[in-house]
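Each remark here refers to the structure printed beneath this line.
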Amino acid sequence: MKHVHLPGRFGGCLGGLEAQDGAVPPAKDCIVTFKEYRYGPEKRQTIDVIRPVDTSLTDATPLLYIHGGGFVAANSAVMLHSVTAFARAPYYLPVYSIDYPLSPEHPYPCPLISVMAALRYMKEQLGFHSVCILGDSAGASLALMATLWATEGFDMPELSCGCSYPPLHPSQLPTILGVASAYGVLDSHSWHHDHCGRLKSISPTEQAVAEFGLEASIRMYTKNQHIKQGQPTQFLDVLKQMPPRAAWSLPPINLQCGGKDILVNSTKATNGYLRKRGARVTMQVYPQSRHAFVGLPPAWVCNKDSRHATREIADFFYDLCHAPSEPKSPSSTISRSAGSTTAADSSSS
């Protein structure tokens, strides 16, 4: 087949010639189709699809990927290099990567409802009755919020944008087998120095810049006249207002974050809350990595941590989708038998 170099803004190929698992080019052994499906009337309601070259693997559980960008930036196409590994051996998960309306033009809950509209499309139009979900940064917020709504439901403010969505009901959505969050925006305050003190692993200047950017993004995301004072818009804040059963009724959750990312406190707070309430949750923290270390091109970040986190997420989904009697192929470039590392190893890099 013809290998597709995924488009981006840097020399025509974001991330150069390498994917997160070391594959060259990023679309090696994959079939990539941009904007294959349109799940709604908005311009940014399209789905890019990454499939294994082996077309016989059509019954595999799909992975819905929700890109980050602070709710206000980025798109599916520029992040695809970071998720092609899931469609290769030994995992063979078809990846459905969505675009969604961005803030401030489309504030909360527009992006969240758009994600749920994509889930409904995958069930009603594509015939998928179960899915896995991966989100990074703001995308992780949307992934977990959509999962919480699909599982328990919660009140959302009215729309105050030009978006128009038909009514949704959890029965219209596929079963969510598991969710992975990479450095998610999971609450509204634990990452701020006023709440938890300065993060010792980074400089005061770096923390101030990171907090400023995150605060600005959240302000644009929540600039909706229908949001009541104190109404939560992030996963952990919403979950805390629900009965304890809401946590343990969630599907398995995998949390990944860098130790030099201010959102590490958000990840740790979420992990602690879920564990205390009996939820099925796992967490890995990489002490030397910063925000977006899984999504950025490997040449820009600690490649060792990026590969390890990608493998952890892929194994998490694989184990949910396959019986233990179905071993992974030993030929994979990111299989556990091929130079795997531990979290302790990655923290020392």
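If you're matching positions, the sequence shown starts at -4 in our numbering and goes up one per residue. Backbone N, C-alpha and C define an ideal beta-carbon position, used for all residues, glycine too.
(Q) Rounded to whole angstroms, what is the Cα-Cα separation between Q373 and E100? (A) It is not possible to answer for residue 373, since the shown part of the chain is limited to -4 through 344.
Q: Could you pull out every unbroken alpha helix (DSSP H) segment of at least 4 residues lying fully inside the stretch 111 to 141, listed in chain order?
A: Positions of the alpha helix (DSSP H) runs, each at least 4 residues long and wholly inside the stretch 111 to 141, cannot be given because no such run exists.
Q.
Mapping the DSSP letters down to three states, classify Q236 as helix, strand or coil.
A. On the sequence shown, position 241 is the one that residue 236 refers to. Correct three-state label for Q236: coil.
Q.
My output table needs one value for L58: the three-state DSSP class, helix, strand or coil.
A. Translated into positions along the sequence shown, residue 58 becomes position 63. The answer is strand: DSSP assigns L58 an E or B state.
**Q.** Cβ-based neighbour list, V296, same chain, cut-off 6 Å, excluding 5 preceding and 5 following
**A.** Here residue 296 corresponds to residue number 301 of the sequence shown, with the count starting at 1. Within the same chain, V296 has close Cβ partners F288.
Q.
Given a cut-off of 8 Å on the beta-carbon distance, is the pair F66 and A133 in contact?
A. One-based indexing of the sequence shown puts residue 66 at position 71. One-based indexing of the sequence shown puts residue 133 at position 138. Against a cut-off of 8 Å, the Cβ pair of A133 and F66 comes out as a contact.
**Q.** Three-state secondary structure assigned by DSSP to T50
**A.** Along the sequence shown, one-based indexing puts residue 50 at 55. T50: coil per DSSP, three-state reduction.
**Q.** Under the three-state DSSP convention, the category M278 falls into
**A.** In the sequence shown, counting from the first residue as 1, residue 278 sits at position 283. In the displayed model, M278 falls within a strand according to three-state DSSP.
(Q) Measuring only the C-alpha atoms, how far is T146 from I248? (A) For the purposes of this step, residue 146 is taken as the residue at position 151 of the sequence shown. For the purposes of this step, residue 248 is taken as the residue at position 253 of the sequence shown. Using only the alpha carbons, I get a separation of about 13 Å.
Q: Under the assumption that A135 contacts V180 (Cβ atoms under 8 Å), give the Cβ distance between them as a whole number of angstroms.
A: As a first step, residue 135 is located in the sequence shown; it is residue number 140 there, counting from the start. As a first step, residue 180 is located in the sequence shown; it is residue number 185 there, counting from the start. Sure, about 7 Å apart at Cβ, within 8 Å.
Q) Which of the three DSSP states, helix, strand or coil, is assigned to I308? A) If you number the sequence shown from 1, residue 308 lands on position 313. When DSSP states are grouped into helix, strand and coil, I308 belongs to the helix group.
Q.
Report the CB separation of P227 from V233 in whole angstroms; it is logged as a contact under 8 Å.
A. Position 232 of the sequence shown, counted from the first residue, corresponds to residue 227. Position 238 of the sequence shown, counted from the first residue, corresponds to residue 233. About 5 Å separates the two Cβ atoms, so the contact holds.
Q: With a 10 Å radius around its C-beta and 16 neighbouring C-beta atoms as the bar for buried, classify F195 as buried or exposed.
A: Residue numbering aside, residue 195 sits at position 200 when the sequence shown is read from its first letter. Residue identity check: residue 195 is Lys in the sequence provided, not Phe. Classification of K195: exposed, given that the 10 Å Cβ count is below 16.
Q. Thinking just about the alpha-carbon of each residue, which of Q40, I108, T200 and W186 is nearest to the one in S71?
A. As a position in the sequence shown, residue 71 is number 76, starting the count at 1. Of the candidates Q40, I108, T200 and W186, the one whose C-alpha sits nearest the C-alpha of S71 is Q40.
Q: May I ask whether a heavy atom of the ligand MN can be found less than 7 Å away from the beta carbon of L194?
A: Absence of the ligand MN is noted for the structure shown, with no ligands found whatsoever.
Q) CA-CA distance, A112 and A68? A) Along the sequence shown, one-based indexing puts residue 112 at 117. Along the sequence shown, one-based indexing puts residue 68 at 73. Taking the straight line from one Cα to the other gives about 20 Å.
Q) According to the neighbour-count rule (16 or more other Cβ atoms, all chains shown, within 10 Å of its Cβ), is Q120 buried or exposed? A) On the sequence shown, residue 120 is found 125 positions in, with the first residue counted as 1. Q120 should be labelled exposed.
Q.
Please report the distance separating the alpha-carbon of H184 from that of G35.
A. If you number the sequence shown from 1, residue 184 lands on position 189. If you number the sequence shown from 1, residue 35 lands on position 40. Our two residues, H184 and G35, have alpha carbons roughly 33 Å apart in a direct line.
Q) In angstroms, rounded to a whole number, what distance separates the CA positions of L107 and P85? A) Residue 107 sits at position 112 when you count from the first residue of the sequence shown. Residue 85 sits at position 90 when you count from the first residue of the sequence shown. Approximately 31 Å between the Cα atoms of the pair.
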